[in-house]
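Chains A and B, in that order, are what the protein sequence lines are. Going by this note's numbering, the first sequence opens with residue 1, and the numbers climb by one from there. Going by this note's numbering, the second sequence opens with residue 1001, and the numbers climb by one from there. All C-beta atoms in this analysis are idealised placements derived from N, C-alpha and C, irrespective of residue type, glycine included.
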Amino acid sequence: MPVNGQVSSGGDFGKLIDLEEGWIDRRIFNDQKIYERELQQIFARSWNFVAHESQLPKAGDFLTTYMGEDPVIVARQRDQSIKVFINSCPHRGNRVCFADVGNTRRFVCNYHGWAFDTAGKLSGMHAEYGYDETDIDKSQTRMQPVAKVAAYKGLVFATFDPDTPSLEDWLGDFRWYLDMLLDNEEGGTEFIGGCIRSEFPANWKFGVENFIGDASHAGWTHDSGARATTGGISFPDIDMENSFHSSVNGHGWEFGTEGVGDIAILGSPAIMEYYEKLRPKMADRLGKMRSQIWGSVASVSMFPNISFLPGISTFRIWLPKGPEKFELRTWVIVNKAMPDDLKREITKRVMLTFGPGGLFEMDDGENWSNCTTVNRGEVTRRQLLHYGSGLSRRVDDHPILPGTVYRGQCSDANQRLFYERWVDLMEAKSMKDLPHRPQPRMTGRETRELIGVSAL
Amino acid sequence: MTSTIEDRASRRPTLELIKELEQTLYREVRLLDQERHDEWMEMLAEDLHYHMPGIETRYRRDKTETLHDLSRMCYYNDDKSTIQLRVDRLKTGTAWSEDPPTRYAHLITNIEVEPTERPEEYRVYSNFYAYRSRNERDEDTLVGSREDLWRREGDRFVLVKRFILPKWSVLLSKNLNVFL
Chain A
1 MPVNGQVSSG GDFGKLIDLE EGWIDRRIFN DQKIYERELQ QIFARSWNFV
51 AHESQLPKAG DFLTTYMGED PVIVARQRDQ SIKVFINSCP HRGNRVCFAD
101 VGNTRRFVCN YHGWAFDTAG KLSGMHAEYG YDETDIDKSQ TRMQPVAKVA
151 AYKGLVFATF DPDTPSLEDW LGDFRWYLDM LLDNEEGGTE FIGGCIRSEF
201 PANWKFGVEN FIGDASHAGW THDSGARATT GGISFPDIDM ENSFHSSVNG
251 HGWEFGTEGV GDIAILGSPA IMEYYEKLRP KMADRLGKMR SQIWGSVASV
301 SMFPNISFLP GISTFRIWLP KGPEKFELRT WVIVNKAMPD DLKREITKRV
351 MLTFGPGGLF EMDDGENWSN CTTVNRGEVT RRQLLHYGSG LSRRVDDHPI
401 LPGTVYRGQC SDANQRLFYE RWVDLMEAKS MKDLPHRPQP RMTGRETREL
451 IGVSAL
Chain B
1001 MTSTIEDRAS RRPTLELIKE LEQTLYREVR LLDQERHDEW MEMLAEDLHY
1051 HMPGIETRYR RDKTETLHDL SRMCYYNDDK STIQLRVDRL KTGTAWSEDP
1101 PTRYAHLITN IEVEPTERPE EYRVYSNFYA YRSRNERDED TLVGSREDLW
1151 RREGDRFVLV KRFILPKWSV LLSKNLNVFL
């Protein structure tokens, strides 16, 4: 078995990933210096998911989240735009907002009463008489804003780097796939109220790579969940001829074309019936291929740390909290047009299957945790990890499917291409230098830039 | 139907009844800690509702009711049939995260018994401290309070409703493979 050579964690990240033969250096999962570079090179520059528009319907609505380890406030403005800024007071740095969600006209720091409007601009402070006129320019003092905010069909993203490509370019042709989740019915999607958060003693990338392509683990890791929900029947074997991995710019969707596998996991005839009735309309809206893919056994991750299960309706991010720790935040995403009782049924079933106590989710954490911490062993971590499944199954120029396509759902293809993008960002001096992976087919479809836009 | 003060006073729980319900709560968690799930299932009413909401941190001025809103995300929003699925999973022999077995201990405290509108049903409050240990040194503690409804059925009580209020906001654990 190959073992790793000498790689400094200061650069040469390409040496950690062997795409040709499918090997990965274990140090990317627990090395402190590599982790710190990820925060600088990836999280401080990527488009990070910060909210679904439906979470902030009214002016003054806000929520708090993280971009990497940077805490941010995401707030709806009176002009309906959404602003994102760092949740830290420019005076002594104290965290300003402690609520997960709420509605407010201003954010006030507990330490010295510095008050900020919903865009993060300083409006006043306690004991303001301590400042002479020339001491501070209030109009220029604010909680640090992100560089850009943009949305794609309800999903709101932010980046700290002004040179990061537009969200449209960042998503590229992945929008063809994304529309199956976000635009399969008139009215689009919304998040159900609440957010379930849990902390795992594992590296964040294990969550991402599991969802981006790991169809292989389902039949083994989740056998107990499958058998419990079906009265004793294990997952059927994957149809390797009619299933695919597809990757665009490090985002990946692995999927079958049988149309029902993921929906069936929820175990609810009412949900299945809704999607079956919707399917012909979906075909009119998105074309036959996508209406067949929708609902199949599938899982998805978007670079760097967003995942979801189309048809199952769990949507989540894996927030890095150190090389050996991440916080999982999960939501339930549904179509706005669905009747309330169906939304409730989906919510219940998502939590039964993919909540922290879910029949399927329960068995993942222990694997990811042990895949991470075992590498504390000096010699243990010298052995390279095998990512070679499906190396030769690439499909060139698929007539319908955009992206880099591999045949066969049991594969490491999307995982390898995620790590290829990981190397792109770890090594790119400027975000202007990011390559398209692969060259896009789709053009001319604008994602909405939220800054200064008056109506959504 | 509303009960008068006199009715309620006449149903004030006796020491004997309180003791019986306390023993029921202790027996319940002993069955769980010993993984005797089939016997535990027999303690659950057919019309069970087992509910544990997700927890959001909000400012005091924010009066949004989130804890009892079943349209929101909940850790558990189960009836007896879905609890049965969870128990069935443990019995498949392929629930890998339970093999080797997790070591559990539930401590149940602060038990209070109150009469309800129905003479055969009692509201029972309690706190729990659930300790879990796995493999070498995986350790979790889960702390919270519960509000139950127990119904007299012959010579025993069955659990009709359980509302579990967790005291954490971020679950500091990789999963929740434990009944509380």
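{"Asked": "What separation, rounded to the nearest whole angstrom, lies between the Cα atoms of residue 451/A and residue 106/A?", "Found": "Only weak support exists for where residue 451/A lies, its pLDDT of 39 falling under 50; the value from the coordinates is given anyway. Spanning the two alpha carbons is a distance of roughly 19 Å."}
{"Asked": "Please report the Cβ distance between residue 1067/B and residue 1149/B, rounded to the nearest whole angstrom; I am assuming they are in contact, meaning their Cβ atoms lie under 8 Å.", "Found": "That belief does not hold up - the Cβ atoms of residue 1067/B and residue 1149/B are roughly 16 Å apart, past 8 Å."}
{"Asked": "In the DSSP output, which residue or residues are listed as bridge partners for residue 299/A?", "Found": "254/A"}
{"Asked": "Within 9 Å of any Cβ in chain B, is that where the Cβ of residue 205/A sits?", "Found": "no"}
{"Asked": "Assign residue 1142/B to one of three DSSP states: helix, strand, or coil.", "Found": "strand"}
{"Asked": "For the alpha helix (DSSP H) containing residue 1231/B, name the first residue and the last one.", "Found": "Any answer about residue 1231/B is impossible in this case: the structure gives chain B only from 1001 up to 1180."}
{"Asked": "Beta carbon of residue 120/A, beta carbon of residue 144/A: below 9 Å?", "Found": "yes"}
{"Asked": "Under three-state DSSP, which class holds residue 1067/B?", "Found": "coil"}
{"Asked": "Between the segment 1029 to 1037 of chain B and the segment 1098 to 1106 of chain B, can you find at least three pairs of beta-carbon atoms closer than 8 Å?", "Found": "yes"}
{"Asked": "Does residue 1018/B get closer than 9 Å to chain A when you measure Cβ to Cβ?", "Found": "no"}
{"Asked": "How many Å lie between residue 20/A and residue 122/A at the Cα?", "Found": "53 Å"}
{"Asked": "Quick check on residue 1041/B - is its C-beta less than 9 Å from some C-beta in chain A?", "Found": "no"}
{"Asked": "Check the Cβ of residue 347/A against every Cβ in chain B and list those closer than 9 Å, keeping chain order.", "Found": "1070, 1071, 1072, 1073, 1074 and 1077"}
{"Asked": "Which of the three DSSP states, helix, strand or coil, is assigned to residue 177/A?", "Found": "helix"}
{"Asked": "Which value, in whole angstroms, describes the spacing of the CA atoms of residue 334/A and residue 1132/B?", "Found": "34 Å"}
{"Asked": "Name the one or two DSSP bridge partners that residue 110/A has.", "Found": "Beta-bridge pairing links residue 110/A to no other residue."}
{"Asked": "Compare the C-beta of residue 318/A with all C-beta atoms of chain B and state if any pair is closer than 9 Å.", "Found": "no"}
{"Asked": "Closest Cβ-Cβ distance between residue 1029/B and chain A: below 9 Å?", "Found": "no"}
{"Asked": "Please list, in chain order, all residues of the same chain as residue 1015/B whose beta carbon is under 7 Å from its beta carbon, the five residues on each side excluded.", "Found": "none"}
{"Asked": "Excluding the five sequence neighbours on either side, which residues of its own chain have a C-beta within less than 6 Å of the C-beta of residue 114/A, listed in chain order?", "Found": "89, 91 and 125"}
{"Asked": "Can you tell me whether residue 490/A is buried or exposed, with buried defined as 16 or more other CB within 10 angstroms of its CB?", "Found": "Nothing can be reported for residue 490/A: it is not among the residues displayed for chain A, which extend from 1 to 456."}
{"Asked": "Express the C-alpha separation of residue 388/A and residue 237/A in angstroms, rounding to a whole number.", "Found": "20 Å"}
{"Asked": "Can you grab the Cα-Cα spacing for the pair residue 150/A / residue 1072/B, in whole Å?", "Found": "27 Å"}
{"Asked": "As a quick exercise: from 69/A, 99/A and 103/A, pick the residue whose alpha carbon is nearest that of residue 77/A.", "Found": "103/A"}
{"Asked": "Measuring only the C-alpha atoms, how far is residue 368/A from residue 242/A?", "Found": "29 Å"}
{"Asked": "May I ask you to list the residues that DSSP assigns as paired with residue 199/A?", "Found": "327/A"}
{"Asked": "Look at the Cβ atom of residue 426/A, then the Cβ atom of residue 13/A, and state whether they are nearer than 9 Å.", "Found": "yes"}
{"Asked": "Check residue 293/A in the structure and name its three-state DSSP category.", "Found": "helix"}
{"Asked": "Taking the alpha carbon of residue 101/A as the reference point, which residue from 1076/B, 1046/B, 1010/B and 1063/B has its own alpha carbon closest?", "Found": "1063/B"}
{"Asked": "Is the beta carbon of residue 318/A closer than 9 Å to that of residue 195/A?", "Found": "no"}
{"Asked": "Per DSSP, which residues does residue 471/A bridge with? Please list them.", "Found": "Chain A is shown from 1 up to 456; residue 471/A falls before or after that span and cannot be answered."}
{"Asked": "Buried or exposed for residue 1070/B, going by 16 or more other Cβ atoms inside 10 Å?", "Found": "exposed"}
{"Asked": "Hey, which unbroken runs of the beta strand (DSSP E) at 3 residues or more fall wholly within the segment 376 to 448 of chain A?", "Found": "404 to 407"}
{"Asked": "To which residues does DSSP link residue 460/A through a beta bridge?", "Found": "Within the shown structure, residues of chain A are numbered from 1 to 456, placing residue 460/A beyond reach of any answer."}
{"Asked": "At a Cβ threshold of 9 Å, is residue 337/A touching chain B?", "Found": "no"}
{"Asked": "For residue 1096/B, decide whether its Cβ has a neighbour in chain A, counting only Cβ atoms nearer than 9 Å.", "Found": "yes"}
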